[in-house]
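The numbering used here applies: residue 3 is where the sequence shown begins, and numbers increase by one.
Just so you know, even glycine gets a beta-carbon here, dropped at the ideal spot from N, CA and C.
Quick caveat, the model's predicted, so the values are computed rather than measured.
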Amino acid sequence: MSKMSISLLFSQEFLDFMEYITESTDAVAERTSSSRIKLIHNNVRKIKASEKMGVKYMQLWEEKELIRAEGKAEGKKEGVKEGVKEGKAEMLVRNVEAVMENFGIDQQKACEGLGITVVEYQSAKRSKGN
């Protein structure tokens with residue numbers, strides 16, 4: 003779309019506002035004839051200049067970072083826990099199958115020999131998709 007066709011579809015104030023959103027500078031705010039955009043720019047400048055607002059912004063940013071870090075740590079902990087659980091299931095399945103193959107015995111006897119139930123073995127096998 004050309005600039006000409008865009009300017010026919012939207013008001014100049016809207017186009018100026020889109021430019022201001024893209025580049026919120028004094029120069030862009032001064033170029034517009036829109037009193038609304040100038041008012042918005044003045045409020046933005048006041049907020050940026052306000053030490054109190056700066057402190058609030060930093061507190062919110064720090065809080066957000068803390069929450070993100072806690073979430074990462076919790077996710078990592080859950081991942082490790084899940085990995086250990088999967089590892090145990092995989093080892094259990096491997097052990098039962100190795101005992102059956104090496105000693106030529108059935109599943110029931112292999113499980114008994116390893117001190118687990120057939121249900122535990124089958125559950126581990128299902129969880130691994132074997």
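Min CB distance Ala112 to chain C below 8 Å: Looking at the structure shown, chain C is missing, and only one protein chain is on hand.
Boundaries of the alpha helix (DSSP H) in which Asp18 is found, first to last residue: 14-24 is the span of the alpha helix (DSSP H), which, as asked, contains Asp18.
Buried versus exposed, by CB contacts within 10 Å (16 or more), Leu94: By the Cβ-count criterion, Leu94 is buried, with 16 or more other Cβ atoms from all chains shown falling within 10 Å of its own Cβ.
Beta-carbon proximity of Gly89 to Val101, cut-off 8 Å: By the CB criterion at 8 Å, Gly89 and Val101 fall outside the cutoff.
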